[in-house]
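Per my numbering, the sequence shown starts with residue 384, numbered consecutively.
Structure, as structure tokens:
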Amino acid sequence: MPIYNGLLYDSTGEFTMNQYIYLLKNERAASEIYKLLAKAPLLKNNVHFVSHAKQPNPKLPKYNFFIESDAIHSGVLGAIAGFGISGLLITLLELSNILTLPAVVVIGIGLFSILFGSWLGGFIGFQKENYRYHEFKSELDQGEVLLIIDCPANAVKQTTFVMKQFENNIHKQIQP
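Here you go:
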């Protein structure tokens, strides 16, 4: 599904999901909010928390490791870099007339470079936190909790109703 400005659309162009991001003041507030959001069947598996607490609350659902880390983003950047490096290398070899490469070798070098770049980028990305959380790093280090709700179109009213009840506990709110 394509993502545009935080909104998810299906293949027909219909709006299907909206991502709401809230920075909450503490884990207690996060637990209270999750108790209400978990009762909504449409939101049960679409509520995730990011925390830098030394002992995070095990009852709060987290994103999976691929999304929490920067593996996917770094893997894509690595593939792009691999493509660029292979193009540059092949161009230099062809222009210098040092050796003439058959088309199969050129394609092989290109594919290998893309795959190797993607693997290396993903490997490096596993060791880093997701780039989307960098703007919240200082707040997360101070004990605040990031709440991410992937909200289906038919649950937007319910989600906003619940979150309005906890306005005192919301430090920052990002809505598309």
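Every residue gets a Cβ at the ideal spot worked out from N, C-alpha and C, and that includes glycine.
* Mind pulling the beta strand (DSSP E) runs of 3 or more residues that sit fully within the stretch 510 to 558? -> 528 to 535 and 553 to 557
* Asked: When DSSP builds the beta bridges, which residues end up paired with residue 430?
  -> 532
* Whole-angstrom C-beta distance between residue 433 and residue 523, which should lie under 8 Å -> 7 Å
* To do: Specify, as a first and last residue, the run of the alpha helix (DSSP H) that residue 420 falls within.
  => 410 to 421
* How many angstroms separate the CA atom of residue 521 from the CA atom of residue 406? -> 12 Å
* When the distance is taken between beta carbons, is residue 504 closer than 8 Å to residue 466? -> no
* To do: Could you check the C-alpha separation between residue 532 and residue 500 for me, to the nearest Å?
  => 32 Å
* Could you please give me the residues that DSSP links to residue 452 through a beta bridge? => 512
* Reference residue 469, options 456, 488 and 457, closest by Cα -> 488
* May I ask you to verify whether the stretch 526 to 546 touches the stretch 413 to 422, counting CB pairs closer than 8 Å and requiring at least 3? => yes
* For my contact list, residue 514 and residue 456 are in at a C-beta cut-off of 8 Å; report their separation, rounded to the angstrom. => 6 Å
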